[in-house]
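Notes follow once the structure below has been shown.
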Amino acid sequence: MSPRRLRLAGIACLAVPAVLFLLFAVGEIVGGDLSGVQHVPEVAAVAAIAWAAWRWPFAVGMTLMIAGAALALVFVLWLHPAGITLLGIAIMELLLFIPTIAAGACFTLAGAIERGDLGGAGGANEDAQPSR
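Letter by letter, the sequence shown follows residues 1 to 132 in the numbering used here.
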């Protein structure tokens, strides 16, 4: 798969939590609760991360994978003792953290291909001999 397609797949994965945050914001505001505006900066943060990942795919992708996995673990450890059901936790994991980790994997792979770490097009290691 080309690095461009991997980047687009990463953007699509990051769109899942962004759309979720927008739905939270709109739902709360329409319901009369103005505190729904607090979700708008979350969407802006995801958009900024997407921009940075497009520009620096390898570094941001690695960061997304590590941070996504760490936050997913903290989320489970923090919410499960609070009485949230495992089904509720699983749904939140699927909507917020799994897409983030998948986006990180897509961006990391795109960056690795562009750098030539995987023997893809346009890298310094393209003509390198395999080590024994």
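Don't be surprised by glycine CBs; every beta carbon is placed ideally from N, CA and C. Fair warning: this is a prediction, and the values are worked out from it, not measured in the lab.
- Taken through DSSP and simplified to helix, strand or coil, Pro81 comes out as coil.
- For Leu95, the three-state secondary structure derived from DSSP is helix.
- In this structure, Val43 places its C-beta atom within 7 Å of the C-beta atom of Ala18.
- Scanning Val46, Leu22, Met92, Ala45 for the CA closest to the CA of Ser35 turns up Leu22.
- The segment 63-71 and the segment 102-115 touch, with three or more beta-carbon pairs separated by less than 8 Å.
- Here the alpha carbons of Leu6 and Met92 stand approximately 24 Å from one another.
- Just so you know, the alpha carbons of Gly32 and Val26 end up roughly 10 Å apart.
- In the structure shown, Trp51 adopts helical secondary structure according to DSSP, grouped into three states.
- Here Ala72 is actually not in contact with Gly61; their C-beta atoms are around 16 Å apart, not less than 8 Å.
- Taking a C-beta distance under 7 Å as the contact criterion, Leu20 and Leu95 qualify as a contact pair.
- Comparing alpha-carbon positions, the option among Gly116, Val74, Ile11 lying closest to Ala48 turns out to be Ile11.
- The three-state secondary structure of Leu118, taken from DSSP, is coil.
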